[in-house]
Each structure stands twice: as C-alpha cells, then as structure tokens.
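Chains as they are written, first to last, in our numbering: chain X, 1 to 100; chain U, 1001 to 1464.
Virtual Cβ for every residue (Gly too), placed ideally from N, Cα, C.
Have a look at the structure below before the remarks.
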Amino acid sequence: MKLSDLAQVIRSKNAGPRRLTLDIMFGSDADYQRVVQSPALGADAIGRLYHVPANRVTIIAYPAGRAIKIVMAREVMAGDPGDRDVYGAQQHAPLLGIEI
Amino acid sequence: MSASGRIIAEFRRAPRPIRLLGASGQLGYGIPATSFRAGIERGPDLIGCDMGSIDIGPTYLGKGEMATSPEATRRDLRRVLIAARGLDVPLVIGTAGSAGAGPHLDATLVVLRDIARADGLRFRMAVMRADIPRPALLEAVRSGMVESFDGMPALTEEEVVEAAHIVGQMGMGPFRKAIEADVDVIVAGRACDTAIFASLPVVLGFPTGLAMHAAKIIECGSLCCVPGGRDPILAELDQDGFVLESMNPERRATPASVAAHSLYEQSDPFTVNEPDGTLDLTHARYEVVDDRRARVSGATWRDTLHPTIKLEGARKIGERAVLLCGSADPRFIDQCKVLLPKVADLVQSLVCEEQPVDYTLRFRVYGIDGVRMVVPENEPPPGEVFIMGECIAPTRERASEVVRTCKQFLLHFGYPGRLSTAGNIAFPFTPPEVSLGPAYRFNVYHLLHVDNTDALFPVEVESV
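Listed below in structure tokens is the structure:
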C-alpha cells in the first residue's frame, strides 16, 4: 500500500531557513503503528529518496500526534539564489509513493 | 493605572485562571470579524498577535519592508487596538512589521499612532527594538561569542558590516519589563512568538512551562484545530494546565490535533529552545474537555545557564530581474535542459563583450524541476512547461539587459530537429521581463552568547 493511501497528512515546511521538516500524520493508531515500524521510513530510505546522506536525516516518532517527523538539511538555504521553495512547503511529493 | 498594571493588581488581589486570546498568527492578512468578536465577548485578559517570522525569506528583512499590504495591516491593527482598549487589557504585538527590524517597527508605530489620533484613543505604549548594535556585535564576533548552528558558516566581521539589517529574537525578559512598566500596548521588534503570550502569565506567577506551551500553540491562531484555520483562539490557563478553544465554532481542538501541532515548523516535537531556557514537552498530556475543547498539561521549563539570542541578518546581493515564458513544443521540452545552458552561454557572449561576467542567470522549468529539489528519473515529459529565467546583477539596468537579451535568443534559438522556426516560447504578456528590485540573502543566522538577554533590548515607554 502507498503511504499516501494510509496517511491523513503528508507535508513539508522549513524548520528555520536551513532545515526541512516533513510530517506524516495518521488517522488511527493502527495506521501509525504499521508505518512507524516500516524500514521504508528509515533514515537510509529517506536519504536515498532525497539524495541526502542518511546520517544527515533524523526520523522522530511522535505517538502523541500519531505522527512521524523527518528532519534534514536544506541543500540551499531558504531565499538564497537558486532556491526553489522559500517556505519549503512543496517538498513532500517524494514521500507520497512510498510502498509500506 | 494602565492595563498591565490593572491586571497585575487584580490577580494579586484575587488569583484566578487567565484568558489569553491569540488574535492572529500573522497580522495583516485579515482577522475574521465574527470569531474575533466571539473572542472579545469572552473577556480575555490579554490580546496577542504575531506579525512575522523568518519563514518569509530574506528580502523583507533586508529591504525593511512589510510583507503585508498597508491597508490590511492598518485594518487588523485597528481591530485589535480598539478591542484591547475597550476591554482595558494589554495588547501585545511581536515581530512588528513582518521582520521586526527598525524600519518594520517604525512603520508599525506610525500606523498605531495614526489610528489613535483618528479614533481618539489614548494609551501608554512600550516599544522594544530588536536591532543589534553593530559595534557590540563586531566585538562579540572577535571574542568568539557568536556560534554557528544548522551548518551555517562562521560569522565574519565583513558579513556583520555588509548586512542591511541584523535583528535578535528577544525572549520574555523585555516583555516582562514592559508589563511591569504599567502599559496598555506592547510593540516588539523581532521576538520569539511565545514571549508575546507567555510573559504576562509568568509575571503573574503561572508556571513558565505551561504558559510557554500555551503560547506556542495559540500564536498560530486556530491552526491546532480540525479543520485548522486562522481564526482567533482562546487559552484559559490555570496552575495545572490550559484549555484551548477556537473562536470559530466549526474548528475543534482535539487532543490529537493539538498534540500534532507541536510538529509544525519545528525540528523536534519534544523540546523548544528559547533564549532563556528550554520548553520540555516530553510529558505533555492532551485530554478531551468536550467536542470542541482540549486540555493540555505536563509541559515543563528549564532555565538555561547560558542564554543565547538567535540573530537574523540579510545582505543585499544585487538586483533581480526575471523572464516569464512557456513552451508547448515536445522537441523543445525534451531538449530544454541542454538548450537553456546553451542560450545562457550565447547571452553571456553578447552582454559580456565589453564587460566582465558580473551576473548570474538561472532557469527554473516548471513542469520538470521548477519546484522539486529532487526529481525522479524517467518521468514522462509534460505537455507544456513554464520557464522562469532569473538574473541577479549589480544594477537594475544590468539585470534587465541580461533577461531582455535572453528573451530574444531563447525565442529564436536553433537546435537539431527544430520544427517551430518562428519561435520556441510563448509569452503570457509583454513585456515578459520584470524587474523585481534588490535581492537579499540571509547572511546572519547565528547564536549570540550573552550574560543578560534583556540588556540588548531596552524598553522605551511613550504616551500616545
């Protein structure tokens, strides 16, 4: 099943101008549990997806919000020449098709 | 006695829960009238509004301009000012004018004084500037008191000198001083959004952790609700927790929605670092009150022994001009990632005949890689693309020269297999070149170690 079929929210945003944070939120504990244990959401897999070394990807499980947070460095600081997304609000697309 | 003095005296006489109204997460984009009125009818003890953030990028900070329109900003400020004076409660505004530097703060003060004059209001106003004095900052750089974080290069004296504006995010200290100075209105330059709401309850003796957690949530309006939105939100804080309620009856604060809000624009949902300490949400609890309200408790606060102020500065990097055009030719689209650099080379050969290469020219091809930082391989080509050429050059004239030359040679550039020999691109309108004015980048995003965070942000009081 695709992540976009399981999650209620899949979003990205800056956490400060030098970091990107991606939140995946679920409508039920069962969906959250199913995904949070999947290696498809590990630092290695996410790093490959975003072309970022795995050691620069942080994955945080947040059961109180039935959510998984991913944090990584932005390649280009927000607003620097060459930036494509100053708020970082449209960098979630690579997550949508992850197979769980 | 002014509003803050009155509230302090009232709570000293008879302690009770305090009601904080988060009027707007970004003042100047309109405050919904119905839900704001509902909030005022609940008799809040404080009305707070955040006016900005660093998210909007470096240009507003660099240029000293607001992101919001003057008309909408004035309308919103008038709405909250008249309501606060009507209730005689403090109005607290943080990160004045979008980026919180001197010009932003001054522009906000001009509007507030103007509203006071037009509406016949009188009040005492505390003003806190967030601009960091350059000589002191240069000395701090030299003595190793400025630290890099998030992979930012070390701050140099040159960057300090070249920055158009440098601000520091003030924490609760200056707000507490302002509240204790018996005022009606508090206007801060760049400030932590939490300080807007947490400072009054902390002055009144409420637990700092709970006050900060409530502040962190309500500074975004009703964003913590389902469905989330920008309506005002009320937090009622007691000694053990706080209850959240959106002032729009369609928005529900549920334990899950409020808990999830701790993720928003944060790199860590469990800890929030502030100038004077750390908010720890590890043991936060979120409970149902009823269908529309959630109660939150359990947040704790640790003071730090090593206070730091987050610095933000922006430096001008040139003048920006863009070219706006599109293509629906499959052969051009197929080859455009190869063709565009060739056009750029041709442009350079023309505009640099007698001048050095003093500009940058970039293309973003929307439909292919205009938005995404990573593009999967073997994607099918789109039926049409939008192309934005962007030049940053030393002068407005030079940037314009580059994009105008680029427009002509992109239109007529020949390539193998070309069928559409009358032109490669479509213009939505002409002229398709637009001068966007000065361009900036963040050149300061560092931590300043200080002994006393308050000394940087003196509180001035004026009668309006």
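What residues from chain U crowd round residue i, counting only those whose CB sits closer than 8 Å?
i, result
"X/E99", "Chain U residues near X/E99: none, gap ~14 Å exceeds 8 Å."
"X/G16", "I1054, D1150, S1267, Y1445"
"X/A43", "Those do not exist, as X/A43 stays about 15 Å from chain U at its closest Cβ, beyond 8 Å."
In chain U, which residues lie with their C-beta within 7 Å of the C-beta of residue i?
i, result
"X/D23", "L1263"
"X/Q90", "V1371"
"X/V57", "Within chain U, no residue comes near X/V57; the closest Cβ sits about 12 Å away, beyond 7 Å."
"X/R19", "D1150, S1267"
"X/A93", "R1372"
Nearest to residue i by CA position, among the options, is which residue?
i, options, result
"U/F1363", "U/L1021, U/P1356, U/I1387", "U/I1387"
"X/L96", "X/L41, X/G65, X/P53, X/R19", "X/L41"
"U/S1463", "U/M1125, U/G1043, U/P1017", "U/M1125"
"U/P1380", "U/M1066, U/F1036, U/I1333", "U/I1333"
"U/R1372", "X/I98, X/G82, X/D31, X/A7", "X/G82"
"X/M77", "U/V1374, U/D1114, U/M1152", "U/M1152"
"U/R1302", "U/E1274, U/A1321, U/E1180", "U/E1274"
"X/I10", "X/G65, X/I24, X/Q90, X/P53", "X/I24"
"U/S1267", "X/G65, X/Y87, X/R19", "X/R19"
"X/Q90", "X/A7, X/L6, X/T21, X/Y32", "X/T21"
Along chain X, in chain order, which residues have C-beta atoms closer than 9 Å to that of residue i?
i, result
"U/P1044", "Within chain X, no residue comes near U/P1044; the closest Cβ sits about 27 Å away, beyond 9 Å."
"U/A1260", "V9, D23, M25, Y62, A64, G65, R66, A67"
"U/I1392", "P81"
"U/I1425", "Within 9 Å Cβ-Cβ: nothing; U/I1425 doesn't reach chain X, min ~20 Å."
Could you give the DSSP three-state label for residue i: helix, strand or coil?
i, result
"U/T982", "Look at the range of chain U in this structure, 1001 to 1464, and you will see that residue 982 of chain U is not part of it."
"U/T1360", "strand"
"U/I1217", "helix"
"U/I1132", "coil"
"X/Y32", "helix"
"U/D1231", "coil"
"U/M1125", "strand"
"U/D1280", "strand"
"U/H1165", "strand"
"U/D1290", "strand"
"U/T1068", "coil"
"U/E1384", "coil"
"U/E1460", "strand"
"U/N1378", "coil"
"U/C1391", "strand"
"U/G1025", "coil"
"U/F1036", "helix"
"U/L1324", "strand"
"X/Y87", "coil"
From what residue to what residue does the alpha helix (DSSP H) around residue i run?
i, result
"U/C1336", "1330-1351"
"U/V1403", "1396-1411"
"U/H1446", "Here U/H1446 belongs to no alpha helix (DSSP H); instead the beta strand (DSSP E) covers 1433-1449."
"U/K1177", "1172-1180"
"U/T1194", "1193-1203"
"X/A45", "43-50"
"U/G1094", "From DSSP, U/G1094 is part of no alpha helix (DSSP H) but of the beta strand (DSSP E) over 1091-1094."
"X/T58", "Premise fails: X/T58 lies in the beta strand (DSSP E), 57-62, not in any alpha helix (DSSP H)."
How should residue i be labelled, buried or exposed, when 16 other C-beta atoms within 10 angstroms of its C-beta is the threshold for buried?
i, result
"X/H51", "exposed"
"U/M1001", "exposed"
"U/P1269", "buried"
"U/E1260", "The question names Glu, but residue 1260 of chain U is Ala in the sequence shown. Burial call: buried."
"U/D1193", "buried"
"U/T1405", "buried"
"U/S1222", "buried"
"U/V1272", "buried"
"U/T1034", "exposed"
"U/N1248", "buried"
"U/C1325", "buried"
"U/M1128", "buried"
"U/E1219", "buried"
"U/L1077", "buried"
"U/L1240", "The question names Leu, yet the displayed sequence has Asp at residue 1240 of chain U. U/D1240 comes out exposed."
"U/V1385", "buried"
"U/A1215", "buried"
Return the first residue and the last residue of the beta strand (DSSP E) that residue i is part of.
i, result
"U/L1550", "Lying before the first or after the last residue shown, residue 1550 of chain U is absent from chain U, which here runs from 1001 to 1464."
"U/E1274", "1271-1274"
"X/L22", "19-26"
"U/E1250", "Taken as a continuous stretch (DSSP letters only), U/E1250 belongs to no beta strand (DSSP E), as it is neither H nor E."
"X/I10", "7-14"
"U/G1048", "1046-1050"
Just to make sure I have the definition right: I need the residues of chain U whose C-beta is within less than 9 Å of the C-beta of residue i. Which are they?
i, result
"X/Y87", "D1055, I1056, G1057"
"X/R84", "R1364, D1369, G1370, V1371, R1372, M1373"
"X/K13", "D1055, Y1264, E1265"
Which residues in chain X sit within 8 Å of residue i, going by Cβ to Cβ distance?
i, result
"U/R1441", "M77, G79, D80, P81"
"U/I1317", "P81"
Is any heavy atom in the ligand GTP found nearer than 7 Å to the beta carbon of residue i?
i, result
"U/A1393", "With respect to the ligand GTP, the structure shown offers nothing to examine, as it has no ligands at all."
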